[in-house]
Amino acid sequence: MRKFALFLTLSLCLFQVTQAGNVRVRVQDGTGRSLTDAVVFLESAAAKSLVKSASGSEIAQVGKQFVPSVTVVPVGSLVQFPNRDTVRHHVYSFSPAKTFELKLYTGTAASPVFFDRPGIVVLGCNIHDHMTAWVVVVETPYYGKSTEAGEVTLANVAPGSYKLRAWHTSLPVGAAALEQSLTVGATDTAVVVVDLKGAKP
């Protein structure tokens, strides 16, 4: 009886894996121009239950810039902020999703920053006002950033009903990710076009 139950469980797991599909998304502004580094993600109660925290992400300071300028991580992730410049930086965020300060330092900060709440986190440097970057913290394993062609593929998405959300730095300051409903089937979903009409051309 135990062997049969184990086999049934494994069979169900394999069935669920083989039924996952890819969702292809193209992101553009209101004029039809493709948007690079747009963050796209799928939200649902089921997706939230699958979230796994991640480590190993980093946002470096290079040439008095944050690199990369846009980072997306699942909630509960740790991000390092190495300073690869010869000058010191003072990294901070006052965003509701994460408030923190890494006071003047060079090299690697003593501890990574723990992003424990979903939302959009704006980063700055108290020494160099022109330095800006964003961390988008999501409650889903299905997320990605668009290419120069404005395209992103969300792989191995389980069938179900989702909120497809998209965000870009050219949206008004403080704007939340825009959303639309999306039903994902057992096979690949045809290209979904997302118009971020509030984005500045």
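Using the numbering used here, the letters of the sequence shown map in sequence onto residues 2 to 202. From the three backbone atoms N, C-alpha and C, an ideal C-beta is built for every residue, glycine too.
Exposed or buried, which one is residue i when buried takes at least 16 other CB atoms within 10 Å?
i	result
Asp130	exposed
Gln29	buried
Leu51	exposed
Gln62	buried
Lys99	buried
Val88	exposed
Val153	buried
Gly186	exposed
Lys4	At Lys4 the pLDDT is 33, less than 50, meaning the model places this residue with poor confidence and gives no usable figure here.
Val124	According to the sequence shown, residue 124 is Leu rather than Val. Leu124 comes out buried.
Asn23	exposed
Glu149	exposed
Arg166	buried
Phe16	Here Phe16 scores only 33 on pLDDT, less than 50, and its place in the model should not be relied on; the value that follows carries that caveat. Exposed, since its Cβ has fewer than 16 Cβ neighbours within 10 Å.
Arg34	exposed
Gly108	exposed
Val194	exposed
Gly64	exposed
Could you please give me the residues that DSSP links to residue i through a beta bridge?
i	result
Asn190	The question names Asn, yet the displayed sequence has Thr at residue 190. The partner list for Thr190 (beta bridge, DSSP) reads Val24.
Ser78	Phe116
Gly108	Asn84
Thr72	Val136
Ser182	Lys164
Ser54	DSSP output for Ser54 lists no bridge partner at all.
Tell me whether residue i sits in a helix, a strand or coil according to DSSP, three-state version.
i	result
Lys49	helix
Lys99	strand
Ala156	strand
Gly175	coil
Ile60	coil
Leu36	coil
Met2	Residue confidence for Met2 is low, a pLDDT of 37 falling below 50, so the modelled location carries little weight and cannot support an answer.
Ile128	coil
Tyr93	strand
Lys65	coil
Does the pairing of the segment 149 to 159 with the segment 85 to 95 give three or more beta-carbon distances under 8 Å?
-> Taking 8 Å as the limit for Cβ pairs, the verdict is that the segment 85 to 95 does not touch the segment 149 to 159.
*asked:* I want to know whether the segment 70 to 87 touches the segment 40 to 56 - three or more CB-CB distances under 8 Å.
replied: Between the segment 70 to 87 and the segment 40 to 56 there are three or more inter-stretch CB-CB distances shorter than 8 Å, so the stretches are counted as touching.
* Are at least three pairs of beta-carbons, each pair with one atom in the segment 163 to 174 and one in the segment 34 to 43, less than 8 Å apart? -> Yes, they touch.
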